[in-house]
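Visitor:
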Amino acid sequence: MAFSAACVALVVASVLTLCQGQGQDTTKTPGAFGSSVVDAVVERIRSRCVFSEDRLFLRRVAHVASRDGADSATYRPNFNGGIWKINETMFDATKACSNVYIRSACNNISSSFGIDWPAVTWSDLRKPLYSGLAAALSTLLTLRSRTMPGSITEQADLWVKMYGEQRETFINNADLATTVECKNKMDLLFLLDSSGSVSSSDFQLMLNFSADVMDAMPISTESVLVAGISFSTSVQLHFDFNDYSTKAQARSKMLNINKVIGRTYTYLGLNRAATTLYSSSAGARSDAKKVVVLVTDGRSSSFSATNQSAQALKDLGTTVFAVGVGGYRLNELQAAASDPICSHVLTLISFDHIQAILDGIQKSTCEANIKVTKTKVVNGTLTNTTTTTPAVAKVPGNNETIEASTSCGILDIYVSTADPKPGPAVHDDRYRAMPDAPATLTVTETLPSGTTLFISVVGTRLPASAAALRNCSNYTWTLGMVPKKNITVICEENGVRRPCTNSDVVKAKLCDKRVDSDYPVDNPCTTSNLEKGLLRHPYPYDPTKFLQCDMKGNNYITLCPRGVTFNTRTCECGFTSPGGASTPQANEQDRNSTNSTSYTPVPPVSSNVGNPCTVRALAKNEFYHTHSSDEAKFIQCDEWGKAWVKACAPSTIWSQSHYTCIKKAKASTRTSGPTVTCSASDNYLPDPCDHHAYYRCVHQQATRVVCHPASLFFNPVAKVCGFVDSNAAAIPASCNASG
């Protein structure tokens, strides 16, 4: 058969199984940035036990230091500190892995990531994972043997010591990185040790802590419900999920729990927790995730009984966080906690420090996984904003698989066997489900039965126009185990369907894909749009695709390059990566989005502005350039060599040396005095009139820059600002005070 002349369409009968995406690890991509990248790095560092009890510090530093890498100065030339902005001095100190304070962390980096840290170079820190690991090691070196603080104000002192930045900068911005949002139903049970070794004052601190955890959560029947149990020789259920109607009432019940002295029979408390969490008479909900926070100060009366009861509780689908205070037994906490253990065990020296883990436990419980089983289906409701639901499941047997479906939305399902919070930045597999097209997790066919799968379901509603065409009213989705379906692939050639041969996929000329009638959209290829040259339009069901018009008014579904989406402002692919995971190629345009105007294309070459986005410049990662006629603007390049003019924020001007917009006082042009002439061999020239300043040459144009802080002196040999004035040249008499 002459396939060159034939058009063969592959048709999936009975069920549409969406394509399985390849794995991705953006945390190792140089120049990657975005919130999902940072979240993935921090979760990896914690779950691999490199720095498991950072108390959200690493997440906060990433935001404060570089806006998760989106700040334009993050990946500037000649600076390799990455998202966490680790300077070379800080980095060099982390390579001493024999140091007692980081020896264990270095060993975990080697065993978990296969990275020989002493062999790492500073330039490797352009990869987000390496920058995060360096930040973790640097923090441990700074802390030495001290306990990691938990509050933002205390962490601000650590920030100042490590980075030398202003304390207020951290305090004012850190909270933006760790907002707690409990968007999924959760039954949360506090299991509190009231044995004789816990003093009355410490028990009250325990109650205060539990009540404060509740404060950050939306207590209601449609969101989070809480219950309280104490244990010693006996077990007391102080209140269940039915015993209150407001957050204030729940808090009052928690604070008024009476201490019952006795021995530490932890296993009895775990058994009662299982009964309460899965009892409808106690107010437990079948569609809510189950979370237990166990707080204990010592060793249980029976390690084996505690281990057995904890495992039974976890097998039911419960996530267990184990908090040990004072004389705890670490292996017992680890046995009680859920996997990954390092993300679910928290330790404290004394109850006086229990507030240090408050923010972390609030965030961790809200982000706990919900378990999928043969009898447990996860359901969700789609909103106008993107929602993420973390889940966990075991690979089912031969006759079952895991399937995600939605009625009026789009689901991106990320799967991993190692990372507990897979997402756009890190995943082993990715699937997409749309209306009438469920996603079957085919990875279950390649893994042994019983393998743990971590799953993240990222859901959004259909756009309003598409939802109206489908008469949508039920914006829900489900994730569950279903019987395997028989799937038959057939081929259609010249309108005739037949069984496919092995060579069909390889040799056949595949048909052009026009808009599928199953996903109706209004045809944007109108005569008016064609006359205006508007040939590309968003595809409402999938941001990685767009509609391409031909001159006859037909529209075609067209796929963007892998890893990027269609940008509705520029009508091109390649600016925004799905889900917030961004790379230099995918999202250069958004780096300076704060306090800026919209992008306007630079005029053609005939303009006096010119286009600096040459092949040579892009090869050097030089995406930002001085605007030749307006100091309050700069030029930003995209990866195709197009130039865009962008305005700085009010009262700021572009500084090529800082690679960002700065206050006007920091950079100016001297009105008189000696003339500074740029040379091809030296881009940093001392200011002959001021030893506290220097000139940065870009494209043979000199921009004056003042050292910061202004008390520093520019070293003309080292080309950096320092504490000692090493410039022996005298100030010429022709200099004046201006500039």
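Per UniProt numbering, the sequence shown starts with residue 1, numbered consecutively. Yeah, the Cβ is synthetic: ideal placement off N, Cα and C, and Gly gets one too.
(1) Quick one: is G580 buried, meaning 16 or more other Cβ sit within 10 Å of its Cβ, or exposed?
(2) Classify K545: buried if its beta carbon has 16 or more other beta carbons within 10 angstroms, exposed otherwise.
(3) Taking three-plus beta-carbon pairs below 8 Å as touching, is the stretch 172-185 in contact with the stretch 127-141?
(4) Pick helix, strand or coil for G360, following the three-state DSSP scheme.
(5) Span of the alpha helix (DSSP H) holding D187?
(6) Can you tell me where the alpha helix (DSSP H) with T387 in it begins and where it stops?
(7) Assuming contact is defined by CB atoms lying nearer than 8 Å, are S279 and G262 in contact in what I supplied?
(8) From the DSSP output, read off the bridge partner residues of D429.
(9) In terms of residues, what are the limits of the beta strand (DSSP E) holding I455?
(10) Is DSSP giving Y556 helix, strand or coil here?
(11) Quick one: what does DSSP say G533 is sitting in, helix, strand or coil?
(12) Taking all protein chains shown into account, decide if D690 is buried (16 or more other Cβ within 10 angstroms of its Cβ) or exposed.
(13) So, for D682: in the same chain, excluding its five sequence neighbours on each side, which residues have a beta-carbon less than 8 Å away from its beta-carbon?
(14) When the Cα of V323 is compared with those of D297, P340, Q308, which residue comes out closest?
(15) Who pairs with A322 in a beta bridge, going by DSSP?
(16) Whole angstroms are fine: how far does the CA of S449 sit from the CA of P483?
(17) Count the C-beta pairs between the stretch 157-164 and the stretch 185-202 that are closer than 8 Å, then say yes if the count reaches three, no if not.
(18) With distances taken Cα to Cα, identify the nearest neighbour of V636 among S651, T660, S245, L712.
(19) Run through DSSP, which three-state label would L140 get?
(20) Whole angstroms are fine: how far does the CA of P422 sit from the CA of C342?
(21) Who are the Cβ neighbours of A632 in its own chain at under 6 Å, not counting the five residues just before and after it?
(22) Closer than 6 Å by C-beta to E403: which residues in its own chain qualify, once you throw out the five before and the five after it? Chain order, please.
(23) Would you give the residue range spanned by the beta strand (DSSP E) that I635 belongs to?
(24) Specify whether the stretch 393-411 and the stretch 459-466 touch according to this definition: at least 3 beta carbon pairs, one from each stretch, less than 8 Å apart.
(25) Less than 8 Å between the C-beta atoms of I45 and A177, yes or no?
(26) Using the DSSP secondary-structure output, state which residues sit across from T478 in a beta bridge.
(27) Taking its Cβ as the centre, do 16 or more other Cβ atoms sit within 10 Å of A733, making it buried, or is it exposed?
(28) Have a look at D725, T179, N107 and flag the residue whose alpha-carbon is nearest the alpha-carbon of I361.
(29) In the DSSP output, what is A250 paired with across the bridge?
(30) So for G164, helix, strand or coil by DSSP?
(31) Between the stretch 53-61 and the stretch 31-43, are three or more C-beta pairs nearer than 8 Å?
(32) In angstroms with no decimal places, state the Cα-to-Cα distance between L270 and L277.
(33) Out of S223, L133, E493, point me to the one whose CA is closest to V42's CA.
(34) Have a look at F714 and L685 and give me their C-alpha separation to the nearest angstrom.
(35) Going by the DSSP bridge assignment, what does G228 pair with across the sheet?
(36) Look at V292 and T318 and say whether their C-beta atoms are less than 8 Å apart.
Guide: Reading off the structure:
(1) Any reading at G580 needs caution, since the residue's pLDDT is 45, under 50, leaving its predicted position unreliable; the model's value is listed next. By the 10 Å Cβ count, G580 comes out buried.
(2) buried
(3) no
(4) helix
(5) No alpha helix (DSSP H) holds D187; the beta strand (DSSP E) holding it covers 186-193.
(6) Looking at the DSSP string, T387 is not in any alpha helix (DSSP H); the run it does join, the beta strand (DSSP E), is 387-394.
(7) no
(8) V415
(9) 452-461
(10) strand
(11) coil
(12) buried
(13) C697
(14) D297
(15) L294, V345
(16) 15 Å
(17) no
(18) First, the amino acid is wrong: residue 636 is Gln here, not Val. Nearest option by C-alpha distance: T660.
(19) helix
(20) 17 Å
(21) C648, I653
(22) P438, T440, V482
(23) 633-637
(24) yes
(25) no
(26) N379, S405
(27) exposed
(28) T179
(29) In the DSSP output, where bridge partners are listed per residue, A250 has none listed.
(30) coil
(31) yes
(32) 10 Å
(33) L133
(34) 9 Å
(35) F190, F239
(36) yes
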